[in-house]
Amino acid sequence: MSKIMILFVVLLLAACSNSPLKEQAAAPVVEGGKTVGKLPPPKMVEVAPVIPSPSPSSLQPVQLEPVKSTAVVSVNPLTDPANILSKRAVFFDYDSNLIKEEYRPLVTAHGQYVISNAKAKMIIQGNTDERGSREYNLALGQRRADAVKQMMTVLGADASRIESVSFGEEKPRNEGTTEEAFSQNRRSDIVYQGE
Amino acid sequence: MNKLGQKRAFLYPSLFTKTLLLCLLLISTGRALAAMTIDIVGSGANQIPIAILNFRDESSLQESMSAVIRADLARSGLFKMVNTADAKPQHEPEQVDFAFWRSRFTDAVVIGGTTALPNGRFEVHFRLMDASRQTQLAGMSYSATRSQLRVTAHKIADVIYAKLIGEPGAFATRIAYVVHRQDKRFELHVADSDGFSPQTILSSKEPIISPVWSPDGLRLAYVSFEQRKPVVYVQSIVTGSRQAVANFFGSNSAPAWSPDGKRLAVVLSKDGGSQINVISVDGGGNPQRLASSSSIDTEPNFSPDGNSIIFTSDRGGSPQVYRIQVSGGQPQRLTFQGSYNVSPRHSPDGKSFTFIQRNGSRFNVAVQDFATAQVQVLTEGGVDESPSYAPNGRMILYASQVRGRGILAAVSSDGRVKQRFIEDAGDVREPAWGPIVNQ
Numbered sequence: 531m532s533k534i535m536i537l538f539v540v541l542l543l544a545a546c547s548n549s550p551l552k553e554q555a556a557a558p559v560v561e562g563g564k565t566v567g568k569l570p571p572p573k574m575v576e577v578a579p580v581i582p583s584p585s586p587s588s589l590q591p592v593q594l595e596p597v598k599s600t601a602v603v604s605v606n607p608l609t610d611p612a613n614i615l616s617k618r619a620v621f622f623d624y625d626s627n628l629i630k631e632e633y634r635p636l637v638t639a640h641g642q643y644v645i646s647n648a649k650a651k652m653i654i655q656g657n658t659d660e661r662g663s664r665e666y667n668l669a670l671g672q673r674r675a676d677a678v679k680q681m682m683t684v685l686g687a688d689a690s691r692i693e694s695v696s697f698g699e700e701k702p703r704n705e706g707t708t709e710e711a712f713s714q715n716r717r718s719d720i721v722y723q724g725e
Numbered sequence: 015m016n017k018l019g020q021k022r023a024f025l026y027p028s029l030f031t032k033t034l035l036l037c038l039l040l041i042s043t044g045r046a047l048a049a050m051t052i053d054i055v056g057s058g059a060n061q062i063p064i065a066i067l068n069f070r071d072e073s074s075l076q077e078s079m080s081a082v083i084r085a086d087l088a089r090s091g092l093f094k095m096v097n098t099a100d101a102k103p104q105h106e107p108e109q110v111d112f113a114f115w116r117s118r119f120t121d122a123v124v125i126g127g128t129t130a131l132p133n134g135r136f137e138v139h140f141r142l143m144d145a146s147r148q149t150q151l152a153g154m155s156y157s158a159t160r161s162q163l164r165v166t167a168h169k170i171a172d173v174i175y176a177k178l179i180g181e182p183g184a185f186a187t188r189i190a191y192v193v194h195r196q197d198k199r200f201e202l203h204v205a206d207s208d209g210f211s212p213q214t215i216l217s218s219k220e221p222i223i224s225p226v227w228s229p230d231g232l233r234l235a236y237v238s239f240e241q242r243k244p245v246v247y248v249q250s251i252v253t254g255s256r257q258a259v260a261n262f263f264g265s266n267s268a269p270a271w272s273p274d275g276k277r278l279a280v281v282l283s284k285d286g287g288s289q290i291n292v293i294s295v296d297g298g299g300n301p302q303r304l305a306s307s308s309s310i311d312t313e314p315n316f317s318p319d320g321n322s323i324i325f326t327s328d329r330g331g332s333p334q335v336y337r338i339q340v341s342g343g344q345p346q347r348l349t350f351q352g353s354y355n356v357s358p359r360h361s362p363d364g365k366s367f368t369f370i371q372r373n374g375s376r377f378n379v380a381v382q383d384f385a386t387a388q389v390q391v392l393t394e395g396g397v398d399e400s401p402s403y404a405p406n407g408r409m410i411l412y413a414s415q416v417r418g419r420g421i422l423a424a425v426s427s428d429g430r431v432k433q434r435f436i437e438d439a440g441d442v443r444e445p446a447w448g449p450i451v452n453q
């Protein structure tokens, strides 16, 4: 088959984009260099524009009515900036895994969420600053994650749905080496499965 | 120590210190993927003066055998390279001008040659000659493929080292380390002990830490965060196949091989806290908990006889090194000096261990003798981590920092000789020195 011949026909058909499909049946079949069909004369078809271009005078601004919804718009509490559940980071002091007073409402809210949402699965990721051994820091980060988990399980949250893991010093939020940077890296992050 | 049967012609001052900068890229033409510069500071008490002549026909090879051997021996700090540039070519024993070498206070002379074989391989031979007695101390011949030429040169350096120093060399060994690239990816590399011929065996956008060599030198265990949590993998460096061997609920980290290569000590948090467990390398069976505490137990390391494990624990209030029998019992505290002693690793002879000690705001490599409990701090840098012994116990490889960038460094176990490996590729960390493997 001469591919060039077929290509030519296809291009021809493409040129008249509104040609009915059946026209393809009339396309010649080429075998061994011998023409066994006859190429019909190209047929030009006038194609109407898909979108009529409006005349400038037809552009009239229309005042849209505000949408009145009867349904309550559902907002995911985990991502709603107004909800405490959107806050996910618990920061720690140097060499400490004590949950400071200011983070207790946050940890409590997430614990209650796990209790009241039977399908919710949470991962708590502990982190440390970069000073010292990587493996020892991994263990210190684990302790920070475990501290958050423990506060939730004391509230009654299901321990099997809360996995506490550690990133140690490996995933710093702030890569600087100042005390300010270190303090941002001493933390536990709360993440839900699927996020 | 010196095995040469002669009176030392020239003694070097015992605290003679020098800096020798070898840009090895000049030596190895295009084989190294990354520019690795080795900076050597300090020297052994008694350096052996040795002349290593260019090998016959080595200029046609990609690798100059004599240059690799010279660089290896110089890096150890135990040898003084005698200038050979103005000497006439000497490849066979009868060509060696012993009077000339003695006039340069040379103890040992190395000659050799290479021959391209019809089958594409290369015959490489060398002779180590005693310059004073005019006798041969060692002589070997090797058949190598083109890609084995560098390791052949390392093996020759090992034979020379063993003959003159009296203990095994560790030049023909490999190291593993992690590179945090400028594009933020993490790569696990395996390279020759001099940092050349690096190969990437794992690349990930998530961190990789704690690589450790299997005793047979064919596999690496490491921790990868690719599953958004630490999981322990074992990977063959031959086939590249790998398996998650510890992937329990919570964190899995700090793998350590048993000397028989059948078990791994790992740290698991599945039972709460970070606790040492022993698992089988094939991942089957239940983990056996080694010790039970409400404190952190991590960084286990088996003794060479496999009977005990040293590890880091904060059970006494601060992180310190402890030892426990694998059969059970109460852990015994080993370190008492300072408030932060971590990352312990046994010396290959089992008589001492290296670890990281914090002194003020500095983290340094230290060695402690098991019998006397005497501690020697070997480095004075700021942020040293992850010490790992060479398999002959002579050097300790560790991670350090220069201007905030991670580099590899090594220090002799007596603290006299220091090397820094500086790579262009990015932040280098987590080194592990592999075993001596008979290939």
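So the protein lines, in turn, are chains P and Z.
Going left to right, the first sequence walks through residues 531 to 725 as the working numbering numbers them.
Going left to right, the second sequence walks through residues 15 to 453 as the working numbering numbers them.
Beta carbons are placed, not taken as given, at the ideal position from N, Cα and C, and that holds for glycine.
Residue burial classification, residue i (beta-carbon count within 10 angstroms, cutoff 16)
i	result
P/L636	buried
P/N715	buried
Z/R417	exposed
Z/K530	Because chain Z here runs from 15 to 453, residue 530 of chain Z falls outside it and cannot be looked at.
P/Q723	exposed
Z/V252	exposed
Z/F200	buried
Z/S402	buried
P/K679	buried
Z/S155	exposed
Z/G254	exposed
Z/T368	buried
Secondary structure of residue i, DSSP reduced to three states
i	result
P/G641	helix
Z/Y336	strand
P/T683	helix
Z/G153	strand
Z/K169	helix
Z/G126	strand
Z/L216	strand
P/G671	helix
Z/P301	coil
Z/V204	strand
Z/A176	helix
Z/V292	strand
P/V566	At P/V566 the pLDDT is 37, less than 50, meaning the model places this residue with poor confidence and gives no usable figure here.
Z/Y403	strand
P/E709	helix
Z/P107	helix
Reference residue i, options the options, closest by Cα
i	options	result
Z/V55	Z/T393, Z/E437, Z/E399	Z/T393
Z/A404	Z/V259, Z/Y236, Z/A446	Z/A446
Z/A171	Z/Q104, Z/R89, Z/A235	Z/R89
Z/T129	Z/T368, Z/R329, Z/R160	Z/R160
Z/N97	Z/V82, Z/W115, Z/V110, Z/H105	Z/W115
Z/F136	Z/A184, Z/T149, Z/Q76	Z/Q76
Z/S250	Z/E240, Z/G275, Z/G343	Z/G275
Z/R430	Z/M409, Z/G440, Z/L202	Z/M409
Z/A152	Z/D111, Z/F119, Z/T120, Z/P107	Z/P107
Z/P480	Z/V340, Z/Y191, Z/N300, Z/S294	Examination of residue 480 of chain Z is not possible in this model, given that chain Z is present from 15 through 453 alone.
Z/P244	P/E709, P/T658, P/F621, P/E700	P/E700
P/V684	P/I654, P/Y624, P/I645, P/A669	P/I645
Residue i CB to nearest heavy atom of the ligand ADP below 8 Å
i	result
Z/V252	With respect to the ligand ADP, the structure offers nothing, as it holds no ligand at all.
Residue i, enclosing beta strand (DSSP E) - first and last residue
i	result
Z/E313	311 to 316
Z/A446	440 to 447
Z/N378	376 to 383
Z/A413	409 to 416
Z/R233	233 to 238
Z/Q249	245 to 250
Z/F263	Premise fails: Z/F263 is in no beta strand (DSSP E) and is neither H nor E.
Residue i: first and last residue of the uninterrupted alpha helix (DSSP H) it sits in
i	result
Z/L87	79 to 89
P/A619	Premise fails: P/A619 lies in the beta strand (DSSP E), 619 to 621, not in any alpha helix (DSSP H).
| task | Please list the residues of the segment 655 to 667 of chain P that have a C-beta atom closer than 9 Å to any C-beta atom in chain Z, keeping them in chain order. | result | Q655, G656, E660, R661, G662, S663, R664, E665, Y666
| said: Give me the subset of the segment 225 to 241 of chain Z whose CB atoms are less than 7 Å from a CB atom of chain P, sorted by chain position. | reply: F239
| field | Near-chain Z residues of the segment 604 to 626 of chain P - C-beta to any C-beta below 8 Å | value | none
| request: Check each residue of the segment 675 to 690 of chain P: if its Cβ is closer than 7 Å to any Cβ of chain Z, include it; give the result in chain order. | output: D676
| Cβ-based contacts, 9 Å cut-off: residues of the segment 325 to 357 of chain Z near chain P | T326, D328, P333, Y354, V356, S357
| field | chain P contacts made by the segment 239 to 261 of chain Z, where a contact means CB separation under 8 Å | value | F239, R242, K243, P244
| query | What residues in the segment 390 to 401 of chain Z have a beta carbon less than 7 Å from any beta carbon of chain P? | reply | E399
| request: Taking a Cβ distance cut-off of 8 Å, strictly less, list which residues of the segment 271 to 297 of chain Z are near chain P, in chain order. | output: V281, S283, G286, G287, S288
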